[in-house]
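There are 2 protein chains.
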Amino acid sequence: MRITNQREIILEELRRLRTHPTADELYEVVKRRLPRISIATVYRNLERMSEAGIIHKLENGGRQKRFDGDNRPHSHVFCIRCGRISDVRTVEGASARDLILDSKGFQIIEGGLQFEGVCPSCQDNEKLEAN
Amino acid sequence: MRITNQREIILEELRRLRTHPTADELYEVVKRRLPRISIATVYRNLERMSEAGIIHKLENGGRQKRFDGDNRPHSHVFCIRCGRISDVRTVEGASARDLILDSKGFQIIEGGLQFEGVCPSCQDNEKLEAN
DNA sequence: TATTAAATGATAAATATTATTATTAAGGAT
DNA sequence: ATCCTTAATAATAATATTTATCATTTAATA
Chain A
0 MRITNQREII LEELRRLRTH PTADELYEVV KRRLPRISIA TVYRNLERMS EAGIIHKLEN
60 GGRQKRFDGD NRPHSHVFCI RCGRISDVRT VEGASARDLI LDSKGFQIIE GGLQFEGVCP
120 SCQDNEKLEA N
Chain B
0 MRITNQREII LEELRRLRTH PTADELYEVV KRRLPRISIA TVYRNLERMS EAGIIHKLEN
60 GGRQKRFDGD NRPHSHVFCI RCGRISDVRT VEGASARDLI LDSKGFQIIE GGLQFEGVCP
120 SCQDNEKLEA N
């Protein structure tokens, strides 16, 4: 991935913000440094960088996607009312209860595990495509 | 919530399917029994029922939302390629490793905890509105 | 410096979801 | 059983977000 000015500044601003911004929130911030940048560039690069594992894309109850530039292992708590996302630090050896206590004043409604991966049928497709 | 024919059949079909369908997939199935139903009714009722906790709304990497009629405690694994979602049974005393082994042939890329709740500022708003 | 491939900016298009509104249906009151 | 009231529905317009397109620009390097 070529290092462009746009890409660097998008990443810098995303890492600086601790608010898990949406694409358009980040666009507003980046525009102060790059007034001619296009919103499409912001979307495109957030997508590319999250595919590459440089940043993370966060889902949020059907609302706008949010992005996180922090790669240290941690969990999130989602506000079901306003969509805000807050970090939950995952500490070695901490129980789920400990984590919840760390959740910065959120009134927790539910929590659980969630996995991401590649399903068997997509694994098959990828094998076929490789040949 | 009034029990309408549409609502009952949407819930019945969602519970019968084990595929975590999208709103439009479910619409196609329900339409076989109620040919005159509107897609808006399906969306509306899925939303209402998930607010009421009767069913669950699942997010999926910016794709279409999916829905789950199974209320027993369990986790999910999301296919990052095609968007399919599969259940991961959460058994009392099982470790994360055990759960991953139960994930039906998925090649797991990552997993973690996720919480939902109400953030402090929305809690304040709710207190104000109550008065 | 010239070349080439990738990235950008501007905007159109696609997609998913929500809002609107006239009509219909459910459930209780009479 | 019929009427009344309110909520739900169907149809569709509107909105919002995201992605695609394509001519132009830029970065890297030959």
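From first to last, the protein sequence lines stand for chains A and B. Sequential numbering from 0 applies to the first sequence in my numbering. Sequential numbering from 0 applies to the second sequence in my numbering. Just so you know, even glycine gets a beta-carbon here, dropped at the ideal spot from N, CA and C. Predicted, not measured: the structure shown is a model, and the values here were computed from it.
Going by DSSP in three states, D69(B) sits in which element: helix, strand or coil?
For the purposes of this step, residue 69(B) is taken as the residue at position 70 of the second sequence. Reduced to three states, the DSSP call for D69(B) is coil.
Within this structure, are the beta carbons of I79(A) and E24(B) separated by less than 7 Å?
Counting from 1 along the first sequence, the entry for residue 79(A) is found at position 80. Counting from 1 along the second sequence, the entry for residue 24(B) is found at position 25. No, these two residues do not count as a Cβ contact at 7 Å.
Are the beta-carbon atoms belonging to R15(B) and N44(B) less than 7 Å from one another?
For the purposes of this step, residue 15(B) is identified with residue 16 of the second sequence, where counting begins at 1. For the purposes of this step, residue 44(B) is identified with residue 45 of the second sequence, where counting begins at 1. Result no, Cβ atoms of R15(B) and N44(B) do not sit closer than 7 Å.
Using a beta-carbon distance below 7 Å, is Q63(B) in contact with chain A?
As a position in the second sequence, residue 63(B) is number 64, starting the count at 1. It does not: the Cβ of Q63(B) has no partner Cβ on chain A nearer than 7 Å.
CA-CA distance, E27(B) and H19(B)?
The sequence position of residue 27(B) within the second sequence is 28, counting from 1. The sequence position of residue 19(B) within the second sequence is 20, counting from 1. Cα to Cα, the separation comes out at about 14 Å.
Give the straight-line distance between the Cα atoms of E12(B) and T3(B), rounded to the nearest whole angstrom.
Numbered from its first residue, the second sequence carries residue 12(B) at position 13. Numbered from its first residue, the second sequence carries residue 3(B) at position 4. C-alpha separation (whole angstroms): 14 Å.
Tell me the DSSP bridge mates of I107(B)?
The residue you call residue 107(B) lines up with position 108 of the second sequence. Per DSSP, G116(A).
What separation, rounded to the nearest whole angstrom, lies between the Cα atoms of G110(B) and D123(B)?
Taking the first residue of the second sequence as 1, we reach residue 110(B) at position 111. Taking the first residue of the second sequence as 1, we reach residue 123(B) at position 124. Linking G110(B) to D123(B) through their CA atoms gives a straight-line distance of about 32 Å.
Give a yes or no on whether the minimum CB-CB distance between V41(A) and chain B is below 7 Å.
Within the first sequence, numbered from 1, the residue matching residue 41(A) stands at position 42. By this cut-off, V41(A) is not an interface position.
Would a C-beta distance cut-off of 7 Å place I84(A) and H75(A) closer than the cut-off?
Along the first sequence, one-based indexing puts residue 84(A) at 85. Along the first sequence, one-based indexing puts residue 75(A) at 76. Yes. Within cutoff.
Would P20(A) count as contacting chain B if we go by Cβ distances under 7 Å?
Position 21 of the first sequence, counted from the start, is the residue given in the question as residue 20(A). It does not: the Cβ of P20(A) has no partner Cβ on chain B nearer than 7 Å.
V41(B): which of K103(B), A51(B), L57(B) and T21(B) sits nearest, CA to CA?
Within the second sequence, the letter at position 42 stands for residue 41(B). Checked all of K103(B), A51(B), L57(B) and T21(B); the closest Cα to V41(B) is T21(B).
Would a check of beta-carbon distances place L112(A) closer than 7 Å to chain B?
One-based indexing of the first sequence puts residue 112(A) at position 113. Among the residues facing chain B, L112(A) is included, as its CB has a counterpart in that chain under 7 Å away.
Run the CB neighbour count on D67(A), radius 10 Å, all protein chains shown included, and call it buried at 16 or more, exposed below.
Sequence index remark: in the first sequence, residue 67(A) carries index 68 (1-based). Label assigned to D67(A): buried.
Specify, as a first and last residue, the run of the alpha helix (DSSP H) that S49(B) falls within.
As a working mapping, residue 49(B) is identified with position 50 in the second sequence. Its alpha helix (DSSP H) spans residues I38 to E50.
Would you tell me roughly how many angstroms separate the C-alpha atoms of R17(A) and R35(A), rounded to the nearest one?
In the first sequence, residue 17(A) corresponds to position 18, counting from 1. In the first sequence, residue 35(A) corresponds to position 36, counting from 1. The straight-line gap from Cα to Cα measures roughly 24 Å.
To the nearest angstrom, how far is the alpha carbon of F105(A) from that of C118(B)?
Here the question's residue 105(A) lines up with position 106 in the first sequence. Here the question's residue 118(B) lines up with position 119 in the second sequence. Whole-angstrom Cα-Cα distance: 5 Å.
With burial defined as no fewer than 16 other Cβ atoms inside 10 Å of the residue's Cβ, what is the status of Q131(B): buried or exposed?
The question about residue 131(B) has no answer here: the residues shown for chain B are numbered 0 through 130.
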